[in-house]
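Residue numbers (our numbering): 5 to 439.
Here a beta-carbon is modelled for each residue, glycine too, at the ideal position from N, C-alpha and C.
Computed from a predicted structure; not experimentally measured.
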């Protein structure tokens, strides 16, 4: 009996020694030596799928801290992590699998988890692109050199630009919660709003603000902290999640429904994109809802009229936001030998898609070339190829003066003399004159 107890005691002691050794390796030896177990999170790696292992595999890669003016704190963050990763080891090592001794690992974390550094070029192919936003992404990418140049110009010439406050901004494009609008960007969907949203996002980004963009109603609720218990009873909000919220009228209604009684906390933070503006009577809720003639579901926002931002300066009560246009082609460029060599005896006629108009005709001329929807720079290239510059040659040739004048608007003397001639003459109606 004594022998059996002795063997059991030995076994128990062996187990205790083994566990103590494992604990020492895990919490002391690894901490001193920096072994891969502690730094690479092998417990998680063992359970990872092949795609996950590929995602975290950066062996054989040489990574350098980029010197990018858009990410001025990238180098500081990497250096900080090298020395201070143990401050939150569970987050950095266990969850995000950071290896503090490997710059690739640090740059991946600070570019893909926290946005302090640009995404490494060889990592971009691992991300699944959102095809629904392809049109907006292409516009921002095409105009990015101009955005970058404009930001540098502001920083160089406007001292106050460097001292501006960084805001947390939420961009919720409610109209695109119906994905069909984005999916049909290349097949006839309205592009005007996409232009303005794209330019707004790009401008907020180059100004250095923290922006959160979504078209998903569930994501909107999560970002704003919508709670079903708050819909009927408001509560104090110690700190708002965002300083500004850019929405359209559909997005504002989504937010109001999601927040319920809490929606009043954000009423002054709204910036509503409305292409053609909103007049005062349609904004004032009491008037809009009591007037039986008003059936517009988007009326009654009850915000300051300057919170409504327009695409065109139609309403002086609202704030004109506008949109970006391509830079004008220099005169010397349009008349260069290279340009003249490709000019053709053609005219460029602007038109709308036939689906929006009724067209009566007896034939379709085979000489008409439809170029479809063109980007700004492609349109300018096409314009430079045309020798016929009048936009209405029929009126110029077959009607003519005194009903139609064709002048060079760059010749101010010709413009003045033509205007004086028009003002001093009495012209009969063309139809009456032909009878």
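Cα-Cα separation between residue i and residue j, rounded to whole angstroms
i, j, result
"residue 404", "residue 389", "26 Å"
"residue 419", "residue 402", "22 Å"
"residue 138", "residue 409", "44 Å"
"residue 440", "residue 252", "Absent from the model: residue 440. The displayed extent of the chain is 5 to 439, so no value can be given."
"residue 378", "residue 243", "45 Å"
"residue 101", "residue 321", "53 Å"
"residue 120", "residue 283", "42 Å"
"residue 57", "residue 127", "Since pLDDT at residue 57 reaches only 41, below the 50 mark, its modelled position is unreliable, and no value is offered."
"residue 158", "residue 183", "36 Å"
"residue 201", "residue 217", "10 Å"
"residue 123", "residue 269", "36 Å"
"residue 148", "residue 381", "13 Å"
"residue 193", "residue 185", "6 Å"
"residue 72", "residue 78", "8 Å"
"residue 317", "residue 203", "17 Å"
"residue 411", "residue 383", "23 Å"
"residue 414", "residue 329", "21 Å"
"residue 118", "residue 151", "23 Å"
"residue 190", "residue 92", "47 Å"
"residue 407", "residue 416", "20 Å"
"residue 219", "residue 179", "8 Å"
"residue 275", "residue 94", "40 Å"
"residue 254", "residue 213", "24 Å"
"residue 169", "residue 211", "10 Å"
"residue 1", "residue 385", "Residue coverage of the chain in this structure runs from 5 to 439, which leaves residue 1 outside it and unanswerable."
"residue 163", "residue 154", "14 Å"
"residue 279", "residue 226", "28 Å"
"residue 69", "residue 107", "8 Å"
"residue 422", "residue 429", "11 Å"
"residue 397", "residue 258", "50 Å"
Extent of the continuous alpha helix (DSSP H) run through residue i
i, result
"residue 419", "416-427"
"residue 259", "253-263"
"residue 380", "380-388"
"residue 145", "138-161"
"residue 82", "78-88"
"residue 185", "184-187"
"residue 284", "284-287"
Bridge partners - residue i, DSSP secondary structure assignment
i, result
"residue 209", "Answer is none; residue 209 lacks a bridge partner."
"residue 276", "251 and 312"
"residue 217", "175"
Residue i - DSSP class collapsed to helix/strand/coil
i, result
"residue 313", "strand"
"residue 96", "helix"
"residue 324", "strand"
"residue 225", "helix"
"residue 407", "coil"
"residue 502", "Residue numbering for the chain in the displayed model covers 5 to 439; residue 502 lies beyond these limits and cannot be assessed."
"residue 126", "helix"
"residue 199", "helix"
"residue 102", "coil"
"residue 243", "coil"
"residue 73", "coil"
"residue 318", "coil"
"residue 430", "coil"
"residue 17", "helix"
"residue 306", "coil"
"residue 204", "helix"
"residue 230", "coil"
"residue 371", "coil"
"residue 237", "coil"
"residue 167", "helix"
"residue 181", "helix"
Distance cut-off 7 Å: residue i Cβ against heavy atoms of the ligand FAD
i, result
"residue 139", "With respect to small molecules bound, the structure shown includes none, and the ligand FAD cannot be examined in it."
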